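Asker: Pasting in a structure now, in structure tokens, and then I'll have a few things to ask.
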């Protein structure tokens with residue numbers, strides 16, 4: 001029995017009595033895999049430039065990704081997160097509206113009364 005050590009620390013055991021012939025062939029890790037080739041291309045480009053990657057529908061099921069908002073990982077479904085974000089934004093807007101109600105009041109009736117009073121004094 002002999003052992004073959006791989007460069008990554010893994011080992012394969014061969015047994016002489018089974019007369020096995022093992023041939024190791026180094027294969028470029030990403031050759032022929034479209035998604036991996038795209039990842040290599042993106043990694044080699046300047047990471048500060050925006051890059052568009054086209055992904056077929058058939059490839060999407062295998063994607064693993066993390067979404068971050070304001071520096072924190074989003075740990076729920078993206079649609080649910082966006083719904084909650086929109087709802088929170090709307091709630092905040094309504095809350096501010098109540099707090100600063102006097103700023104948002106319709107003041108046209110006050111202006112009309114002042115103008116009417118001004119014109120009546122002239123008569």
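In full-length UniProt numbering, the protein residues as written are 1 to 123. Backbone N, C-alpha and C define an ideal beta-carbon position, used for all residues, glycine too. These numbers were taken from a predicted model, which means no experiment stands behind them.
#1: Would you mind reading off the limits of the alpha helix (DSSP H) that contains residue 57?
#2: So, helix, strand or coil for residue 64, using DSSP?
#3: Since residue 84 and residue 73 are thought to touch, with beta carbons under 8 Å apart, how far apart are those beta carbons, to the nearest angstrom?
#4: Rounding to the nearest angstrom, what Cα-Cα distance links residue 60 and residue 94 in this structure?
Answerer: With the given structure in hand:
#1: 57-60
#2: In the structure shown, residue 64 adopts coil according to DSSP, grouped into three states.
#3: Going by Cβ atoms, the distance from residue 84 to residue 73 rounds to 15 Å, so no, they are not a contact pair.
#4: Distance between the alpha carbons of residue 60 and residue 94 is about 38 Å.
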